[in-house]
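Q: In this note's numbering, the protein residues as written are 1 to 665.
Handing you a structure now.
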Amino acid sequence: MEPSTLATDRGISWRSILLGLALIIVNTYWVTVVEVRWYTLDGTCLPLFITPVFILFVLCMLNLGLLRLAPRWALNRVELTIIYVMMVISCVLSGHDMLQNLFGSISHPYFFATPENEYQRLFFRYLPKFLLVRDKAALTDFYNGNVNPWTSGLWLAWVLPLALWVSFLCVLFAMMLAATTLLRRAWTQNEKLVFPLIQLPVAMTAGAEGRGIFQARALWWGFAVAAGITLFNGMHVLYPQLPYLAAVKQYDIAPMFSSPPWNAIGYTPISMYPFAIGIAFFIPLDLSFSCWFFCVESKLFQVVGRVNGWDAPSNAGFPFFPEQAAGAWIGLGMVTLFGARHYLKNAWLQVVGRAGEDEPGERRDYRIAMAVLAFGLVFLVLWSFLLNIKWWVAVIFFGIYLLLSITITRVRAELGTPHEIYYVNPHDILTKVFGTQAIGPQSLTSMATMYWFNRCMRCHPMPNMMESFKMAEYAKLNYRRMIAVIALTLVFGMFVAYWANLQVTYEAGASAKAIGYKWWLGTESYGGRLQTLLQNPVPPPVSIEPGYTGGAWYRHLHFELTKVLYMLGGLVLVFAMKGARAASVAWPFHPAGYALAVSFAMNYFWFAFFISWAIKSLIVRYGGMKFHNQAVPFFLGLILGDYVMGSIWAIIGPVLGVQTYKIFI
């Protein structure tokens, strides 16, 4: 589906904004309750968030009723689009990998420090204390629960750290919004990227005006299949004596390969998530093929390594997927920027007045965007100075983060895949390339305090910003108005997310009853990583042997190049596959498929992608595009049915006070 017009300027109604703000409170609290308190939904771990789709579905059903009974009160497509975008951005903030992580990080060091873990001796003197909560009483009640933080005054201990993180996040989000504005036209209009993940909400907002997708029988057949499976498995969770469809969620096939060398494959889940099969149908065939193929190939690589003894203790770390993933994603980022070089050059020429505008007001937009980026860079310099991070470490840290931000935005816009790049973050890349001694304990500690927002990036704001601009085109809404909506939601949503996390966690207790509280994020940041790095320093790839006093220095070099070479290998493979795709349209391997497969993003989804790829290949080959287009509503129904029934279970769980079926993980 393509938008009918590009030059549009439909207005935004106040009722859509007010309704959106009210629903932000509902959605944020709901997400916090089900993910932090009960852990009955992992909706913000997925590239297409669950609760915004459910809320949009409810609004669409109500809207279809209003169109018959009271047409004047019915919402139009622009209003539904605005509300949906506000729900998505609120999930970005309240979700699994954003502010939930923040609370797991800033509350950890001063509460969990013990003589045994030696936190105080190792890194307390390096901590930016103003960014962390230090009040022992506030932390004790936070972890124990059964307290109202607002009447007891415990919330005051959080004011300064949360206010400082608000300022940091506002600047970081503004930079992302500026970068998205710069790249918007290139990706949404010039290249006409497909944006697979917005196909469902786009179809729903159009259908809610009384036409389109909700009249398609195939949609409801797909809905019934997916909702039926989720209902069936959900009843098993409440009543274990009922049967269960195990292969729907992560059925490990590794026990079937118990003999050497095949047992080297390790944990190998297959899953047939209905929503994943539906989402993968809208992904280009070459990418869906590459995703499952490289996952299988990575398992075979482990088997080959076992045969050849590459996984011996002396080669600890094999098959070095984190290093391969780091190189692959950096390579994708470099390819992305190189591909946009002409467009970005033209944008700069417009800013300085040496090129004409492609759209009215575009020069002004570019000037504002570049000014915001310049201001943001200055702020990051000051922030790094405040945290006492070495200047070159700060440049590389934020440079890698921003490069990865652009890269996953491109991958989402073009391909629509999950991007759980757990192995790839600035902290790990810096320590592997330079070693811990060059970085120093102060910079390592300061980076640990920022690990929470770049650990996994499933809730990253930038891809959702770009998708919002594309949805604005479908709704015939000027993207400048969408910028205002996103900015309003980001500011309002942050404070609502802060309130929801404090309310839910103080009430339940982070250690007492909050099943999904991210205690492990703090442990991973300070105990699992920082403590380990300070106690067991990582040597640089090339160093002088200890005891060297002079003469023939080149004979005393010590090399630890394995991880760096695997990193370079991942980068070279991406470049090679990109070159092969440019040289031949018949080249079947997409470099993003390799990057996704070795970075944990495909572990849960590869088999669902295989199923969808096989079905779509057969449909296109034997039925043509006509049959493909007829099948589209069915696969949209698979997503919608799974999401709606999963959301219903996520309502039933907190109401009954029990854990219910999760449609993911």
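For every residue, glycine included, the Cβ atom is placed at its ideal position computed from N, Cα and C.
If you check the beta carbons only, do F294 and F589 fall under 9 Å apart?
A: Here residue 294 refers to the residue found at position 294 when the sequence shown is read from its first residue. Here residue 589 refers to the residue found at position 589 when the sequence shown is read from its first residue. In this structure, F589 lies closer than 9 Å to F294 by Cβ.
Q: Between which two residues does the beta strand (DSSP E) carrying S384 extend?
A: Counted from its first residue, the sequence shown places residue 384 at position 384. No beta strand (DSSP E) contains S384, which is instead part of the alpha helix (DSSP H) from 362-386.
Q: Give me, in chain order, the residues of the same chain whose beta-carbon lies closer than 8 Å to that of S298; leave out the 5 immediate sequence neighbours on both sides.
A: One-based indexing of the sequence shown puts residue 298 at position 298. Same-chain partners within the cutoff: P319, F321, A597, V598.
Q: Quick check: what's the CA-CA separation for I400 versus V351?
A: Taking the sequence shown and counting its residues from 1, one reaches residue 400 at position 400. Taking the sequence shown and counting its residues from 1, one reaches residue 351 at position 351. For I400 and V351, the distance between alpha carbons rounds to 26 Å.
Q: Give a yes or no on contact between the stretch 341-351 and the stretch 605-623, applying the rule of three or more CB pairs nearer than 8 Å.
A: With a cut-off of 8 Å, the stretch 605-623 and the stretch 341-351 do not count as touching, because too few Cβ pairs lie within range.
Q: Going by the CB atoms, is the gap between V53 and G416 shorter than 9 Å?
A: What you label residue 416 is simply residue 416 of the sequence shown in a count that begins at 1. What you label residue 53 is simply residue 53 of the sequence shown in a count that begins at 1. Their beta carbons are not under 9 Å apart, which means G416 does not touch V53 by this criterion.
Q: Quick test of your reading: A510 and W519, contact by CB under 8 Å. State the CB separation rounded to the nearest angstrom.
A: Position 510 of the sequence shown, counting from 1, holds the residue named residue 510. Position 519 of the sequence shown, counting from 1, holds the residue named residue 519. With a Cβ gap of about 6 Å, A510 and W519 count as contacting.
Q: So for S4, helix, strand or coil by DSSP?
A: In the sequence shown, the residue the question calls residue 4 occupies position 4. Note that S4 scores a pLDDT of 43, beneath 50, so its modelled location is shaky and nothing firm can be said.
Q: For I421, does the three-state DSSP call read helix, strand or coil?
A: Along the sequence shown, one-based indexing puts residue 421 at 421. Of the three classes helix, strand and coil, the one that applies to I421 here is coil, per DSSP.
Q: W38 and G653 look like a contact to me (Cβ under 8 Å); what is the Cβ gap, rounded to whole Å?
A: Numbered from its first residue, the sequence shown carries residue 38 at position 38. Numbered from its first residue, the sequence shown carries residue 653 at position 653. Indeed, because the Cβ distance is near 5 Å, the residues count as touching under 8 Å.
Q: In the DSSP assignment, find the beta strand (DSSP E) that holds V194 and state where it starts and stops.
A: Walking along the sequence shown from the start, residue 194 turns up at place 194. First-last for V194: undefined, no H or E at that position.
Q: Have a look at I389 and I421 and give me their C-alpha separation to the nearest angstrom.
A: Locating residue 389 in the sequence shown gives position 389, counting from the first residue. Locating residue 421 in the sequence shown gives position 421, counting from the first residue. Going by the C-alpha atoms only, they are around 25 Å apart.
Q: How long is the line joining the alpha carbons of F103 and Q302, rounded to whole angstroms?
A: Residue 103 sits at position 103 when you count from the first residue of the sequence shown. Residue 302 sits at position 302 when you count from the first residue of the sequence shown. So the two alpha carbons sit approximately 37 Å from each other.
Q: Can you tell me which of Y239, Y604, W649 puts its alpha carbon nearest to the alpha carbon of L46?
A: Locating residue 46 in the sequence shown gives position 46, where the first residue counts as 1. Taking only the C-alpha atoms, the option nearest L46 is Y604.
Q: Buried or exposed, going by whether 16 or more other CB atoms sit within 10 Å of the CB of F275?
A: Position 275 of the sequence shown, counted from the first residue, corresponds to residue 275. It is buried - the Cβ of F275 has at least 16 other Cβ atoms within 10 Å.
Q: Whole angstroms is fine: what's the gap from N308's alpha carbon to A264's?
A: Reading the sequence shown from its first residue, position 308 is the one you call residue 308. Reading the sequence shown from its first residue, position 264 is the one you call residue 264. One C-alpha to the other measures close to 12 Å.
Q: Between the C-alpha atoms of F572 and G331, what's the straight-line distance to the nearest angstrom?
A: As a working mapping, residue 572 is identified with position 572 in the sequence shown. As a working mapping, residue 331 is identified with position 331 in the sequence shown. In the sequence under discussion, the amino acid at residue 572 is Val, which differs from the Phe named in the question. Going from the Cα of V572 to the Cα of G331 covers about 8 Å.
Q: Please report how far the alpha carbon of W30 lies from the alpha carbon of A497, in whole angstroms.
A: For the purposes of this step, residue 30 is taken as the residue at position 30 of the sequence shown. For the purposes of this step, residue 497 is taken as the residue at position 497 of the sequence shown. Rounded to the nearest angstrom, the two C-alpha atoms are 11 Å apart.
Q: Hey, how far is the Cα of P670 from the Cα of G579?
A: The chain is shown only over 1 to 665; residue 670 falls outside these bounds and no answer can be derived.
Q: Can you give me the start and stop residues for the beta strand (DSSP E) that V542 sits inside?
A: In the sequence shown, counting from the first residue as 1, residue 542 sits at position 542. Element bounds for V542: 542-544.
Q: Considering P461, what are the terminal residues of the alpha helix (DSSP H) in which it resides?
A: Along the sequence shown, one-based indexing puts residue 461 at 461. Taken as a continuous stretch (DSSP letters only), the alpha helix (DSSP H) holding P461 covers 461-474.
Q: Is I17 closer than 9 Å to L490 when the C-beta atoms are compared?
A: Start at 1 with the first residue of the sequence shown, and residue 490 comes out as number 490. Start at 1 with the first residue of the sequence shown, and residue 17 comes out as number 17. Taking 9 Å as the Cβ cut-off, L490 and I17 do not qualify as a contacting pair.
Q: Identify whether S16 lies in helix, strand or coil by the three-state DSSP scheme.
A: For the purposes of this step, residue 16 is identified with residue 16 of the sequence shown, where counting begins at 1. Helix.
Q: With DSSP as the reference, identify every bridge partner of Y251, one or two as the case may be.
A: Taking the sequence shown and counting its residues from 1, the one referred to as residue 251 is at position 251. According to DSSP, Y251 bridges with I270.
Q: Alpha carbon to alpha carbon, how far is P633 from L561? Give it in angstroms, no decimals.
A: Counting from 1 along the sequence shown, the entry for residue 561 is found at position 561. Counting from 1 along the sequence shown, the entry for residue 633 is found at position 633. Cα to Cα, the separation comes out at about 51 Å.
Q: Looking at C-beta atoms only, is the number of pairs between the stretch 258-272 and the stretch 199-212 that lie closer than 8 Å three or more?
A: Short answer: they don't touch.
Q: Enumerate in chain order the residues of its own chain whose CB-to-CB distance from G570 is below 6 Å, with the five nearest sequence positions on each side excluded.
A: Working through the sequence shown from its first residue, we reach residue 570 at position 570. Answer for G570: Q324, G327, A328, listed in chain order.
Q: Ignoring anything shorter than 4 residues or poking outside the stretch 32-107, list the alpha helix (DSSP H) runs there in chain order.
A: Entirely contained in the stretch 32-107, the alpha helix (DSSP H) runs reaching 4 residues are, in chain order, 50-69, 77-94, 99-106.
Q: Using only the alpha-carbon positions, how far apart do K466 and M457 sit?
A: Numbered from its first residue, the sequence shown carries residue 466 at position 466. Numbered from its first residue, the sequence shown carries residue 457 at position 457. The displayed chain sequence assigns Met, not Lys, to residue 466. Their Cα atoms are separated by approximately 15 Å.
Q: According to DSSP, what are the bridge partners of F559?
A: One-based indexing of the sequence shown puts residue 559 at position 559. Partner(s): V542.
Q: Using CA coordinates, which residue listed in L21, G228, R15, I12 is at the minimum distance from F495?
A: Translated into the one-based positions of the sequence shown, residue 495 becomes position 495. Closest option to F495, Cα to Cα, is L21.
Q: Note down, in chain order, each residue of its chain lying with its Cβ closer than 6 Å to the Cβ of V564, except the 5 sequence neighbours on either side.
A: Stepping through the sequence shown from its first residue, residue 564 is reached at position 564. Excluding sequence neighbours, V564 sits near P541.
Q: How would you call V378, buried or exposed, if buried means at least 16 neighbouring beta carbons within 10 angstroms?
A: As a working mapping, residue 378 is identified with position 378 in the sequence shown. Exposed, since its Cβ has fewer than 16 Cβ neighbours within 10 Å.
Q: Counting beta carbon pairs with one atom in the stretch 164-173 and one in the stretch 249-257, are three or more of them shorter than 8 Å?
A: The stretch 249-257, when compared against the stretch 164-173, does not touch it at the 8 Å Cβ threshold.
Q: So, helix, strand or coil for D141, using DSSP?
A: The residue you call residue 141 lines up with position 141 of the sequence shown. Of the three classes helix, strand and coil, the one that applies to D141 here is helix, per DSSP.
Q: Give every residue of the same chain whose Cβ lies closer than 6 Å to the Cβ of R481, excluding the five residues on either side of it in the sequence, and list them in chain order.
A: To locate residue 481, count along the sequence shown from 1; it is residue 481. I12, listed in sequence order.
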